[in-house]
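Below: one structure, written as structure tokens.
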Amino acid sequence: MQIYLPIAEVSVNAFLLLGLGGLVGILSGMFGVGGGFLMTPLLFFIGIPPAVAVATEANQIVAASFSGALAHFRRKTLDLWMGLILLAGGLVGATAGVQVFAALKAVGQVDLLVRVCYVVFLGIIGSLMFIESARAVSRSRRKTQPRRKLHQHSWIHGLPFKVKFRTSGLYISAIPPLLVGALVGLLAAIMGVGGGFIMVPAMIYLLGMPTKVVIGTSLFQITFVTAFTTIMHAHTNQTVDVALAFLLFIGGVVGAQIGARLGVKLQAEQLRIILSMLVLGVCGKLAFDLLVQPAELYSIGTQ
């Protein structure tokens with residue numbers, strides 16, 4: 004069933020969009036990511052303009068992330084205090100990101116920026132996650148422990164403004180979570196992602212949070228930052244397509260519940276290595292599209 008998207012100005016199959024939303028919802032529930040790192044490029048591939056895909060995908064992430072965060076809250080695997088500090092940084096980063104997005108959109112360079120950012124960030128993060136996950140799987144097979152303990156003191160413990168996070172069992176400075184949140188908010192505005200592919204590894208390896216509370220806490224922050232980003236994009240850039248967002252929203256809510264159930268059946272190392280392979284796969288496809296010669300070398304458009 005074809006449906007016309009007024010803001011994107013294209014016609015797409017409604018069931019295809021529902022299926023894509025469901026797929027991203029499953030990823031959200033399983034890995035603690037908003038899923039935008041996968042959905043936004045997929046929207047590019049089916050003909051949605053990058054500016055519309057970025058702004059609208061932020062709205063869909065709200066649905067999938069809220070559904071997943073609620074499931075983890077019920078299981079008491081969500082550190083609310085850590086989530087609030089990450090959220091404070093995220094709101095600042097998102098505000099700055101929307102302004103940068105608007106400035107580049109005005110000069111017609113936003114599409115290129117979004118694609119290049121995806122290739123760079125997904126390539127770096129995916130490679131690091133894959134290497135670390137492969138090492139973790141290898142250690143588990145040999146039944147050996149990593150040299151560096153999760154709660155070993157590092158430079159982070161010497162920073163001021165320390166806060167006790169009871170659910171995570173941490174007593175660290177609030178500065179690193181604020182900075183992580185700000186970076187994620189910036190990416191949410193520019194790339195249309197929840198930022199979980201950066202926040203989840205940062206929470207595990209930088210902040211030292213237990214894996215069991217990382218996913219729920221990540222989804223909590225993603226929910227509110229992406230909701231704020233959607234409102235800002237709609238007001239500043241007018242690039243949110245409501246019809247597209249609604250179909251992705253429905254699929255995302257259902258998929259997140261399925262993903263939350265699947266996630267508890269897999270080991271943490273297995274989850275991370277699967278996620279890293281997905282990230283690298285999307286990165287490779289985007290890089291290929293940037294380098295290959297397009298079928299149509301020229302196009303006519305209005306400014």
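The sequence shown begins at 4 in the numbering used here and counts up one residue at a time. Idealized CB from N, CA, C, for every residue including glycine. Values in this document were obtained by computation on a predicted structure and should not be read as measured data.
Check	Outcome
Distance, residue 83 Cα to residue 118 Cα	33 Å
Buried versus exposed, by CB contacts within 10 Å (16 or more), residue 7	exposed
Ordered list of alpha helix (DSSP H) runs contained in the region 77-151, each at least 4 residues	83-109 and 113-145
Residue 285 vs residue 81 beta-carbon contact at 8 Å	no
Alpha-carbon to alpha-carbon, residue 192 and residue 98	8 Å
Three-state secondary structure assigned by DSSP to residue 168	strand
CB contact flag (residue 250, residue 94, <8 Å)	no
Residue burial classification, residue 5 (beta-carbon count within 10 angstroms, cutoff 16)	exposed
Cβ contact check for the region 108-123 and the region 208-225: 3 or more pairs under 8 Å	no
Residue 152, buried or exposed, once every other Cβ within 10 Å from all chains shown has been counted against 16	Confidence in residue 152 is poor, its pLDDT being 48 and thus under 50, which makes the residue's placement unreliable; the coordinate value appears in the next sentence. Answer is exposed; the Cβ neighbour count stays below 16.
Residues that residue 14 bridges to, as DSSP identifies them	7
Between the CA atoms of residue 246 and residue 340 - distance to the nearest angstrom	Nothing can be reported for residue 340, as the shown portion of the chain is limited to 4 through 306.
Residue 307 (DSSP reduced to helix, strand or coil)	Residue coverage of the chain in this structure runs from 4 to 306, which leaves residue 307 outside it and unanswerable.
Span separating the alpha-carbon of residue 203 from that of residue 237	28 Å
CB of residue 179 within 8 Å of CB of residue 131, strictly	no
Through-space distance from residue 276 to residue 12, alpha-carbon basis	38 Å
Per-residue DSSP class, three states only, for residue 162	coil
In DSSP terms, what residue 175 is bridged to	166
As assigned by DSSP and simplified to three states, the class of residue 241	coil
Residue 52 (DSSP reduced to helix, strand or coil)	coil
Cβ-based burial, residue 127 [other Cβ within 10 Å; buried from 16]	exposed
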